[in-house]
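Residue numbers (my numbering): 476 to 767.
A virtual CB, placed ideally from N, CA and C, is assigned to each residue, including glycine.
Okay, so here's the structure we're looking at.
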Amino acid sequence: MILLDGKKTSADIKEEIALEVADLKAKDKKAPHLAAIIVGNDGASLTYVNAKVKACERVGFESTLIRLSEETTEEELLNEIAVLNVDNDINGFIVQLPLPAHIDEQKVLMAVAPEKDVDGFHPMNVGKLALNLPTFISATPFGILELLERYNVETSGKNVVVIGRSHIVGSPMSILLAQKRKVGNATVTLTHSRTKNLEEITKEADIIVAALGIPEFLKGEMVKDGAVIIDVGITRVADPSKKSGFRLVGDVDFAGVKDKVSHITPVPGGVGPMTIAMLLKNTLLAYYRQED
Ligand code: GUN
Numbered sequence: 476m477i478l479l480d481g482k483k484t485s486a487d488i489k490e491e492i493a494l495e496v497a498d499l500k501a502k503d504k505k506a507p508h509l510a511a512i513i514v515g516n517d518g519a520s521l522t523y524v525n526a527k528v529k530a531c532e533r534v535g536f537e538s539t540l541i542r543l544s545e546e547t548t549e550e551e552l553l554n555e556i557a558v559l560n561v562d563n564d565i566n567g568f569i570v571q572l573p574l575p576a577h578i579d580e581q582k583v584l585m586a587v588a589p590e591k592d593v594d595g596f597h598p599m600n601v602g603k604l605a606l607n608l609p610t611f612i613s614a615t616p617f618g619i620l621e622l623l624e625r626y627n628v629e630t631s632g633k634n635v636v637v638i639g640r641s642h643i644v645g646s647p648m649s650i651l652l653a654q655k656r657k658v659g660n661a662t663v664t665l666t667h668s669r670t671k672n673l674e675e676i677t678k679e680a681d682i683i684v685a686a687l688g689i690p691e692f693l694k695g696e697m698v699k700d701g702a703v704i705i706d707v708g709i710t711r712v713a714d715p716s717k718k719s720g721f722r723l724v725g726d727v728d729f730a731g732v733k734d735k736v737s738h739i740t741p742v743p744g745g746v747g748p749m750t751i752a753m754l755l756k757n758t759l760l761a762y763y764r765q766e767d
C-alpha cells in the first residue's frame, strides 16, 4: 500500500513556487500578492486564514489580511471586494467562508472579479471548469488532481466513484475526472445520499473519492482489492487521550481498508495540506495572467 502523502507533496509544491518567486525577484519583477478577507472571529477560520498568510510569506508572496468585525454589513463587505477588484497590486484574493448569517454568501462570491477569484468559487469560473476552459480550479479538487498526477495514478479508462455532491468537492471532482485532461478520461459515477445500493457501486471502483462528511463511512467490504482511495473527510472526534481533546477522522475507515488498497490518502496529512499549496498555485497563475 502506498500512502499519498499530501504533507510532503504540498511542501514540494511550495518549494517549487518559492524557487519560481525567487527567480522573478532576481529579474526585478514584483512578487505575486494574495489578499484574504475574513469577517468575524471564528477560531477555526482564523487559524485557517492565518495559515494561508504564513504560506504566502514562506514562498515569497506578498500577502494582505483584511479583518472585518462580525457586525460588518453586506454592503461594507461588497465595498471591500470592489476595492480589491481594481487594486493592481493584488493578483488574487479570497473571502474566507463561512460568512456571518446576515451576509448573502452567493452575492459575495459573485462580486469577486473572476480573474482574481483564486478560490475558483465565482459562477463564471465554475462554468469554465465545466467547459474545460482555462479557469481557477478550487483548491480541494485541484489538490486531488495534483496528488494523483505526482503519484502516477492512472485515471484514464478507470472507474471512479465520487461519494458526495457538494459544490466545492464532489461535483467539480466528478466533472474534472471525466474530462479529456492529463488526470481525467475516467468513467465517473457521482453518488450521494439518495444513491441506492452504494456498496455495489463502490465495489466496482478503481478509484474512490470519499467527500460526504461522515466519519469512517467507507468500510473495507465496500472497496475492491487494489483500489485507490482519496479521503476528503476531516471531522473532529472527541479523544480524551489527546492533548487537544480531539482527533481528526476522515470519511474512510482507514484501518479497515488499508490492507486492501493500492494507494490511500491519510487523514490528517493527505488532501488537507494540499489545499493551501493549490491556493498559492492559483495565485501564481493569476499573477502570470495579469502580468503577461
Ligand atoms: N473555508 C473553508 N475552506 C475554504 C476555502 O477553500 N476558501 C474559502 N474562501 N473559505 C474556506
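Query                                                                                                  : Result
Cβ-heavy atom distance, D498 to the ligand GUN, below 6 angstroms                                      : no
Complete beta strand (DSSP E) runs within the segment 581–666 (minimum length 3 residues, chain order) : 634–638 and 662–666
For R711, three-class secondary structure by DSSP                                                      : strand
Stretch pair the segment 704–712 + the segment 659–675: three plus CB contacts closer than 8 angstroms : no
A605 versus S716 - alpha carbon distance                                                               : 45 angstroms
Rounded separation between L665 and D726 - CA only                                                     : 16 angstroms
Best match in L509, S544 and E590 for proximity to K529 [C-alpha to C-alpha]                           : L509
Candidates D681, G602 and A586: closest to L623 by CA position                                         : D681
Proximity below 7 angstroms, CB of V524 to CB of I513                                                  : yes
Check: Q581 C-beta below 6 angstroms from any heavy atom of the ligand GUN                             : no
With 16 other Cβ atoms within 10 Å as the buried cut-off, status of N516                               : exposed
L608 burial status per 10 Å Cβ neighbour count (16 or more: buried)                                    : exposed
Alpha-carbon spacing of E490 relative to A685, whole angstroms                                         : 29 angstroms
Nearest neighbour of P690, chosen from N627, E545, Q571 and P743 [CA to CA]                            : P743
Local conformation of I556 per DSSP, three classes                                                     : helix
Q571 Cβ short of 6 angstroms to the ligand GUN heavy atom set                                          : yes
S520 - DSSP class collapsed to helix/strand/coil                                                       : helix
C-alpha distance - E580 paired with A586, whole-angstrom precision                                     : 10 angstroms
Among G481, G518, D562 and V558, the one whose alpha carbon lies nearest that of Y762                  : D562
Beta carbon of S485 nearer than 7 angstroms to that of P748                                            : yes
V742 - containing beta strand (DSSP E), residue span                                                   : V742 -> no beta strand (DSSP E), and no H or E assigned at all.
Proximity test, A614 beta-carbon vs the ligand GUN heavy atom, cut-off 6 angstroms                     : yes
Separation of K582 from K657, as counted between CA atoms                                              : 34 angstroms
D594: CB within 6 angstroms of a non-hydrogen atom of the ligand GUN                                   : yes
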